[in-house]
Amino acid sequence: MRRTAVAIVPLVAMFLAIAPLRARGQESGRMPSRHHAMYTVLPLAGVTDDSLDAAVAKHATLPMWKYSIVSNRNDKKYSGKMVGRSPLYHGARETDIPVFIIPVKIVMPDGGVFDPTMIDNACASGHTPISLFQNSPILQPASYEIGGTNVGTGQYTDVFQRANFFSNVSITGDSYHTVLSPVTVLPMQTFNVPAGKGLTYPAIETGGCGSIGVVDINTMDKFVRTTLIPALKAQGISPTNLPFFFFYNVVMGAPGDVLDSPNCCVLGYHAATGSPTQTYAVSDFDTTDLFAGISNTVVASHEIAEWMDDPIGNNPTPPWGHTGQVTGCQNNLEVGDPLTGDLFPSVMMNDFTYQLQELAFFSWFYSTPSIGVNGWFSDDGTFETDAGPVC
Amino acid sequence: MEFITSDTCSYVRTVISAILPIAAAFLLCATNSHAGTLTLVTTPAAQNANDSVDWSHLGENATILGASASATSGLGTDVTVGMAGPNSIIAVVCPSSPCSWGNGTGGSTPFSAVDSLIWTSDAAAGGNGPVTVTTASNVSGAGALIQADGPGQFTAKIQAFSGKTSLGSFTEKSDSNGDPVYIGVKSKSGSTINKVVFTITACTGICTDFAIDRLNLNSP
C-alpha cells in the first residue's frame, strides 16, 4: 500500500445511546481547522437470503447479482450481492436503476437553516447545491481514463464498476454499464430538527465556508425511514429504486457529539430495510471545506459506490483495516471506507470542479491478482496490492 | 456430453404387441409419428441443415426485443420467436466490436465472432427464457448453439412439436467450462416439426438467462 493510513477513530456505537447533542459551550478550546469525515452503513436485518433472492427474482426489489469467491487472503469462501447484472457472466448490457433525489431542508432548533435548493454565492459559486449535484459526474456521463486505460463513458460509479471488473467487462467493449436512470428530483422535504438533536456552527466559529449543521444521526435516520420514505411512496419511491436524500452542509453525529468530538462526523450512509428490501442513501453535499479530503460530490461518490457494491450492507470480506477511516478492523465490502479522505482526480463539468472519492476494488478485499483495470486495487492506483494478511 | 431421450417406444411396443398384435401394429405407427421419430443432433454437421435464420435480421448489437419477434429464413420460411417477456437483446459475439457476449474459453463448439445471438436477459438481472421458435411451414429438423449466461456447466433442452403435440425432447450437458453446446432434432418422418422450444434446465445463476445462435433448419 502506498498511502499512509489516516488516523480516525473506529466507527462504532453510532446508533446506541439516546442523548441530546451537547451545547457548544460545553466544549473547550478552538475548533480544529479540519475535521475527520466518516461514513457508515445500516445493514439489512431480519430478512433471510432466500426471501431476498425471491424478491430479486420477482423484480420486487433492485436487480442484484450474486458472487461467490474463495479469497486467497485466507482461503475462505465469501458470497455477496451487488446491484445490477453480473460483470463476470458472458453477456454484458446496461442495467438502469431509477433514482429519486430528495433535497432535504434542515431547520435546526437554534434557527439555522440548510436549504439545498437556495443559491449560495459564497460557497457554491452562485449555484444551488441541488443543481450542482444534478449536473455532476455522479449523475452525468463523462469519459474516464484510468492509468492511461480508457475505461469508458458513464456516471462515476458506473465507470468505477467497469474499472472494478475490467478484466471481464473490457472483453465486451462498452456494453457493460450500471446506470442511475432515470433520475427524478422530488420536491424538497423539510426536517425540523427537535430540540437538543441538532446544532448550527456559524462560519465565524469554524473557519469554514458558511455555516455547518450537526444533527443526531439516530433522529435523522428515524425521520428518513419512518416519515420520508413512507410519505414519498406516492411519488414513486419503492424497493425497486434508490431514494437518495440530499443535505447541504449538514453532517451527522452520534448522540452527544459536537463538531469536534472524536466520533463526529458522519457525512453519509447507505441502508437497507424490510422485505421486499428498500435500500436508500443519505448524503451531505459539502462546501464548508471543514473536512479533510471532502468537497461537494465526494460524499455522494462514496455512498453510491458502496450502495452499488454492498446494497444490503452485509457483504462479508476477510478482515481488513488500518486504512482510510478504519483504524481497527472491518470485514465488509464497503468500497469507500478504506480510502476515506483520498480523492479521485477532479472532474470539470459545466464550469464547476467536482471532487470524487477514490474507491477500493473487489480484488483489494478478496484476492490477488486483481481483475480491476491495470491490475490495480483501487481506481486511482493508491492500492497497489490487496488488503494483505487478515486484520 | 450425455443425453436422455424421452422415447419409450420400445417398451410400449413390447407390451402392446404381447396383448393385441393387430392393435399394436396400429399403435406403433402412431407412436413413431411422434417421439419415436425424433433424433437428437449435437453438431451442426449432423444437423446438415439446408436453411437458417440469422438473428442479425432482428437488429444490430444491443437491439432490445419484445416478447416476440419475427424473421425469415434464407429459404423464405417465416419464423416467430417467443420469449417469456420483453427486453431480451441481440448480442453480437466478441471480439467483434461492438459486442455484448464474451465468448469465454471457446471450447469445442464456440460461438463465432460476428454471430448475432438472441440473449434472453431481461431489463433487470433475470431472464426471459425459454425461447420458442415457431415456423410457418413444417420442417424436418431444427437446432442451434446455446449457452447459459452464467459460468460453468449447464444443461440444455430442446423440445419439438407438431402443432400442439409434443414430438419429444432431449437434454444435453455442456462441458465443465460451460462452453456452448449444439442441440437440435431431426425427424425421421419428414417435415413434421413446426415448433421447437430451447430451455436451460440446470446452470449457475438464473437458467432463464441464456443465448442461442442462428437457428439451423432442415427445410423441405
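Here the protein sequences come in this chain order: H and C.
In terms of the numbering used here, the first sequence opens at residue 50 and continues consecutively.
In terms of the numbering used here, the second sequence opens at residue 3 and continues consecutively.
Where is the CB? At the ideal position from N, CA and C, for every residue including glycine.
Environment of residue i [buried if 16+ CB atoms lie within 10 Å]
i        : result
Thr194/C : buried
Leu137/H : buried
Pro438/H : exposed
Ser72/C  : exposed
Ile24/C  : Low confidence applies here, because Ile24/C scores a pLDDT of 40, under 50, leaving its location unreliable; read the following figure in that light. Counting Cβ neighbours within 10 Å, Ile24/C comes out exposed, since fewer than 16 surround it.
Asp215/C : buried
Asn213/H : buried
Glu62/C  : exposed
Thr74/C  : exposed
Ala171/H : exposed
Pro394/H : exposed
Lys246/H : buried
Asp102/H : exposed
Cys378/H : exposed
Asn105/C : buried
Asp203/C : The displayed chain sequence assigns Thr, not Asp, to residue 203/C. Burial call: exposed.
Thr66/C  : The question names Thr, but residue 66/C is Ile in the sequence shown. Counting Cβ neighbours within 10 Å, Ile66/C comes out exposed, since fewer than 16 surround it.
Residue j beta carbon less than 8 Å from that of residue i
i        : j        : result
Gln161/C : Pro182/C : no
Arg134/H : Pro112/H : yes
Val153/H : Tyr318/H : no
Val141/C : Ser58/C  : no
Ile195/H : Asn381/H : no
Phe156/C : Leu42/C  : no
Ser174/H : Phe401/H : yes
Gly362/H : Ala321/H : yes
Val307/H : Val263/H : yes
Ser169/H : Thr337/H : The question names Ser, yet the displayed sequence has Asp at residue 169/H. Against a cut-off of 8 Å, the Cβ pair of Thr337/H and Asp169/H comes out as no contact.
Gly203/H : Val242/H : no
Asp211/C : Ser102/C : no
Leu40/C  : Ser189/C : yes
Ala51/C  : Asn218/C : yes
Gly143/C : Val187/C : yes
Val116/C : Ser98/C  : yes
Ile151/H : Leu235/H : yes
Gly281/H : Thr328/H : Correcting the residue type first, residue 281/H is Leu in the shown sequence and not Gly. No.
Pairwise C-alpha distance: residue j and residue i
i        : j        : result
Phe209/H : Leu181/H : 21 Å
His371/H : Lys125/H : 21 Å
Ala83/C  : Ser70/C  : The sequence as given places Val at residue 83/C; Ala does not occur at that position. In a straight line, the C-alpha of Val83/C is about 5 Å away from that of Ser70/C.
Ala303/H : Gly161/H : 19 Å
Ile118/H : Leu405/H : 29 Å
Phe294/H : His176/H : 19 Å
Asp333/H : Asn130/C : 40 Å
Asp435/H : Phe340/H : 27 Å
Asp359/H : Thr44/C  : 42 Å
Asn199/H : Asn364/H : 29 Å
Val94/C  : Arg211/H : 19 Å
Val231/C : Ser230/H : This structure cannot settle anything about residue 231/C, because the visible part of chain C is limited to 3 through 222.
Leu388/H : Phe432/H : 9 Å
Leu119/C : Glu407/H : 37 Å
Ile179/H : Ala283/H : 22 Å
Trp425/H : Thr275/H : 41 Å
Glu254/H : Asp265/H : 20 Å
Gly305/H : Ala354/H : 29 Å
Pro81/H  : Asp309/H : Summary for Pro81/H: the model assigns pLDDT 42, below 50, so the residue's position carries little reliability, and this model does not support an answer.
Lys107/H : Ser287/H : 14 Å
Gly430/H : Gly152/C : 30 Å
Ile208/C : Pro251/H : 55 Å
Phe149/H : Met157/H : 25 Å
Asn217/H : Val135/C : 31 Å
Thr166/H : Ala244/H : 24 Å
Gly165/C : Tyr225/H : 40 Å
* Compile a chain-ordered list of the residues in the segment 128–156 of chain C whose CB is closer than 9 Å to at least one CB of chain H. => Those would be Gly128, Gln149, Ala150, Asp151, Gly152, Pro153, in chain order.
Any C-beta of chain H within less than 8 Å: which residues of the segment 157–184 of chain C qualify?
Those would be none; no residue qualifies.
Anything in the segment 77–102 of chain C with a Cβ closer than 8 Å to a Cβ of chain H? List those residues in chain order, please.
Here the close residues are Ile91, Ala93, Cys96, Pro97, Ser99, Pro100, Cys101, Ser102.
Decide if the segment 293–302 of chain H is in contact with the segment 266–285 of chain H; the criterion is three or more beta carbon pairs, one per stretch, under 8 Å apart. Note that the segment 293–302 of chain H touches the segment 266–285 of chain H; at least 3 beta-carbon pairs, one per stretch, sit closer than 8 Å.
Below 8 Å, how does it come out for the segment 311–331 of chain H and the segment 348–358 of chain H: are there three or more Cβ pairs, yes or no? In the pairwise beta carbon analysis, the segment 311–331 of chain H is classified as touching the segment 348–358 of chain H: at least three pairs are separated by under 8 Å.
| Between the segment 186–204 of chain H and the segment 92–112 of chain H, are three or more C-beta pairs nearer than 8 Å? | As far as the Cβ criterion goes, the segment 186–204 of chain H does not touch the segment 92–112 of chain H, which means the pair count is below three.
* Asked: Looking at chain H, which residues of the segment 186–207 of chain C have a Cβ within less than 8 Å of any of its Cβ atoms?
  -> Of all residues in the segment 186–207 of chain C, Gly207 have a Cβ within less than 8 Å of some Cβ in chain H.
Taking any Cβ of chain C, which residues in the segment 344–363 of chain H have a Cβ under 8 Å from it, in chain order? Going along the segment 344–363 of chain H in chain order, one finds no residue with a Cβ nearer than 8 Å to chain C.
### Message
Short of 9 Å Cβ to Cβ, which residues in the segment 135–163 of chain H face chain C?
### Response
Taking 9 Å as the Cβ-Cβ cut-off against chain C, the residues of the segment 135–163 of chain H that qualify are Ser135, Leu137, Tyr138, His139, Gly140, Ala141, Arg142, Glu143, Thr144, Asp145.
Identify each residue in the segment 222–248 of chain H for which the Cβ-Cβ distance to at least one residue of chain C is less than 9 Å, and report them in chain order.
Answer set for the segment 222–248 of chain H: Gly222, Asp223, Ser224, Tyr225.
| message | Can you pull out the residues from the segment 89–105 of chain H whose beta carbon lies closer than 8 Å to at least one beta carbon of chain C? | response | Per Cβ criterion, the list reads Val105.
- Query: When Cβ atoms are compared, which residues of the segment 46–63 of chain C fall closer than 9 Å to chain H?
  - Reply: Flagged, chain order: Asn63.
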